[in-house]
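**Student:** Residue numbers (this note's numbering): 749 to 1118.
Virtual Cβ for every residue (Gly too), placed ideally from N, Cα, C.
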């Protein structure tokens, strides 16, 4: 893009038309007063004023912004020298008016100084209009837009700045190359982009590590909880001890001596048929263990009975301390006697026994050999 003669023959100070000492003396007081009022405008809006409504205050602020934007391109305006600084102080409320000023072609000074103000405010809304300003017919404005995009530029700005760096050979009125400046800004933006990507990668890596640590910790907690629940729910079965068989009396055969031939035959009386006596029953008073032998040994438990179980009493030790019993009906589902004949010994303190239980001499309790 070629520059116009005005671009190459004037500097910003020349175009601004530096006022003479007399003019400075005449306008200094007015400029300072106007500047103070504009800088203090946000403070006035932030302080409740019962005499002025919010709409009137907002309209007054917009009027002041428009006055400052107009002063950007008028070197004779008393606020021209401080217009950029005051607009930057106002901040975000001034951004829409400055964006509109970027589209101004004549005088170009308004658009150029608007790029300065937008660069210092740093509002992202100005990125698109500044990219459009890269095609402004004045090289000074294009140069200002390039510099402003270094602050608020985005991905679209990178593409347009590459185009400017390749194709724009023009210079500003004070001799700065637009293309060279675009290349410098591109390097700065790409460096920031690279740093931002590296920072994102580092944050992602840290997040992954923290997540992995959290998963490992959660897994260890779940494993401990599962093991604890397994230990709580596990019931160790009691060892099965087979009771030694009780001694049985071997019936003796009755030997009948032959009668002498001289003796008269004797008539043998018919033995009455024995009537089976009803079983002797009792009840469990206190729940307890059933043992293989009538003794409290750590390894002779062969079952258990519950309070209220019915028992059939088979025998009692001579000292009356132990009863040999078998489960009757009713009996609890958890009650059991694990022996060959289904009988075992219980302590007399656990049961309510019937009378006349036959006395039974148990086998001697085996003593463990060392």
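Under 8 Å by Cβ, that's how I've got residue 865 and residue 836 pegged, so tell me the actual separation to the nearest angstrom.
**Tutor:** 6 Å between Cβ atoms; contact.
**Student:** Which parts of the region 830-874 are runs of the alpha helix (DSSP H), unbroken and 4 residues or longer, counting only runs that do not cross its ends?
**Tutor:** Here the runs fully enclosed are 831-838, 843-850 and 856-869.
**Student:** Tell me whether residue 1081 is buried or exposed, calling it buried when 16 or more other Cβ atoms sit within 10 Å of its Cβ.
**Tutor:** Exposed, because fewer than 16 other Cβ atoms sit within 10 Å of the Cβ of residue 1081.
**Student:** Excluding the 5 residues flanking residue 1106 on each side, which residues of the same chain have their C-beta closer than 6 Å to its C-beta?
**Tutor:** Here the set comprises 1063.
**Student:** When the Cα atoms are used, what is the spatial distance from residue 888 to residue 802?
**Tutor:** So the alpha carbons of these two residues sit roughly 39 Å apart.
**Student:** Please report the residue range of the alpha helix (DSSP H) in which residue 820 lies.
**Tutor:** Counting along the chain, the alpha helix (DSSP H) containing residue 820 begins and ends at 802-820.
**Student:** Do residue 820 and residue 878 have their C-beta atoms closer together than 8 Å?
**Tutor:** For residue 820 and residue 878, no; Cβs fall outside 8 Å.
**Student:** In the DSSP assignment, what residue or residues form a beta bridge with residue 1059?
**Tutor:** Answer is 1030 and 1075.
**Student:** Pull up the distance between the alpha-carbon of residue 928 and that of residue 880, whole angstroms please.
**Tutor:** The alpha-carbon atoms of residue 928 and residue 880 are separated by roughly 19 Å.
**Student:** Taking the straight line between their C-alpha atoms, what separation do you get for residue 1038 and residue 1051?
**Tutor:** Distance between the alpha carbons of residue 1038 and residue 1051 is about 5 Å.
**Student:** Assuming the contact rule is C-beta atoms closer than 8 Å, residue 916 and residue 926 should be a hit. Round their C-beta distance to whole Å, please.
**Tutor:** Contact flag correct, Cβ pair sits at about 5 Å.
**Student:** Roughly how far, in whole angstroms, is the beta-carbon of residue 1061 from the beta-carbon of residue 1030, given that I think they are within contact range, below 8 Å?
**Tutor:** Rounded, the Cβ-Cβ distance is 6 Å, consistent with contact.
**Student:** Alpha carbon to alpha carbon, how far is residue 937 from residue 814?
**Tutor:** So the alpha carbons of these two residues sit roughly 32 Å apart.
**Student:** Measure the alpha-carbon distance for residue 912 versus residue 810 and round it to whole angstroms.
**Tutor:** C-alpha separation (whole angstroms): 35 Å.
**Student:** On the DSSP bridge assignment, give the partners of residue 904 in chain order.
**Tutor:** According to DSSP, which records beta bridges pairwise, residue 904 is partnered with nothing at all.
**Student:** So is residue 828 buried or exposed if we call it buried at 16+ other beta carbons inside 10 Å?
**Tutor:** Classification for residue 828: buried.
**Student:** Based on Cα-Cα distance, which residue from 1054, 1025 and 1095 lies nearest to residue 1045?
**Tutor:** When each option's Cα is compared against that of residue 1045, the closest is 1095.
**Student:** Give a yes or no on whether the C-beta atoms belonging to residue 863 and residue 850 are separated by under 8 Å.
**Tutor:** Cβ distance < 8 Å, so residue 863 and residue 850 count as in contact.
**Student:** With a Cβ-Cβ cutoff of 8 Å, do residue 832 and residue 873 count as a contact?
**Tutor:** No; because the gap between Cβ atoms is not below 8 Å, this pair is not in contact.
**Student:** Pop quiz: residue 933 and residue 897 are said to be a contact at Cβ under 8 Å. What is the actual Cβ separation, rounded to whole angstroms?
**Tutor:** Correct: roughly 6 Å between the Cβ atoms.
**Student:** Within 10 angstroms of the Cβ of residue 1093, are there 16 or more other Cβ atoms? Answer buried if so, exposed if not.
**Tutor:** Classification of residue 1093: buried, given that the 10 Å Cβ count is 16 or more.
**Student:** Closest to residue 892 by CA distance: which of 1079, 868 and 1027 is it?
**Tutor:** Nearest option by C-alpha distance: 868.
**Student:** List the residues that DSSP assigns as beta-bridge partners of residue 719.
**Tutor:** The structure shown does not extend to residue 719, since the chain is modelled only from 749 to 1118, so the question has no answer here.
**Student:** Residue 962 to residue 975, Cα distance in whole Å?
**Tutor:** Going from the Cα of residue 962 to the Cα of residue 975 covers about 20 Å.
**Student:** With 16 as the cutoff for other CB atoms within 10 Å, does residue 804 come out buried or exposed?
**Tutor:** Exposed is the call here.
**Student:** Between the alpha carbons of residue 965 and residue 905, how many angstroms are there, rounded?
**Tutor:** Their backbone Cα atoms lie some 46 Å apart in a straight line.
**Student:** What's the C-alpha gap between residue 951 and residue 939?
**Tutor:** Computed Cα separation, rounded: 18 Å.
**Student:** Following the continuous beta strand (DSSP E) through residue 1090, name the residue where it begins and the one where it ends.
**Tutor:** Element bounds for residue 1090: n/a, residue is neither H nor E.
**Student:** Just confirm the distance between the C-beta atoms of residue 853 and residue 885, as a whole number of angstroms; I'd bet it's less than 8 Å.
**Tutor:** Residue 853 to residue 885, Cβ: 6 Å. Contact.
**Student:** If contacts are defined as beta-carbon pairs under 8 Å, then residue 1083 and residue 1075 qualify, I think. What distance do you get, rounded to the angstrom?
**Tutor:** Right, the Cβ-Cβ distance comes to about 6 Å (below 8 Å), so this counts as a contact.
**Student:** Looking at the secondary structure, which residues open and close the beta strand (DSSP E) in which residue 921 lies?
**Tutor:** Counting along the chain, residue 921 falls outside any beta strand (DSSP E), and DSSP gives it neither H nor E.
**Student:** DSSP three-state call for residue 1103: helix, strand or coil?
**Tutor:** DSSP places residue 1103 in coil when its eight states are reduced to three.
**Student:** When the Cα atoms are used, what is the spatial distance from residue 1040 to residue 979?
**Tutor:** Looking at the two C-alpha atoms, the distance is approximately 30 Å.
**Student:** Are the beta-carbon atoms belonging to residue 1042 and residue 1110 less than 8 Å from one another?
**Tutor:** The answer is yes: Cβ separation under 8 Å.
**Student:** Are the CB atoms of residue 1032 and residue 1056 nearer to each other than 8 Å?
**Tutor:** Contact: yes.
**Student:** Residue 977: buried (16+ other C-beta within 10 angstroms of its C-beta) or exposed?
**Tutor:** That one is exposed.
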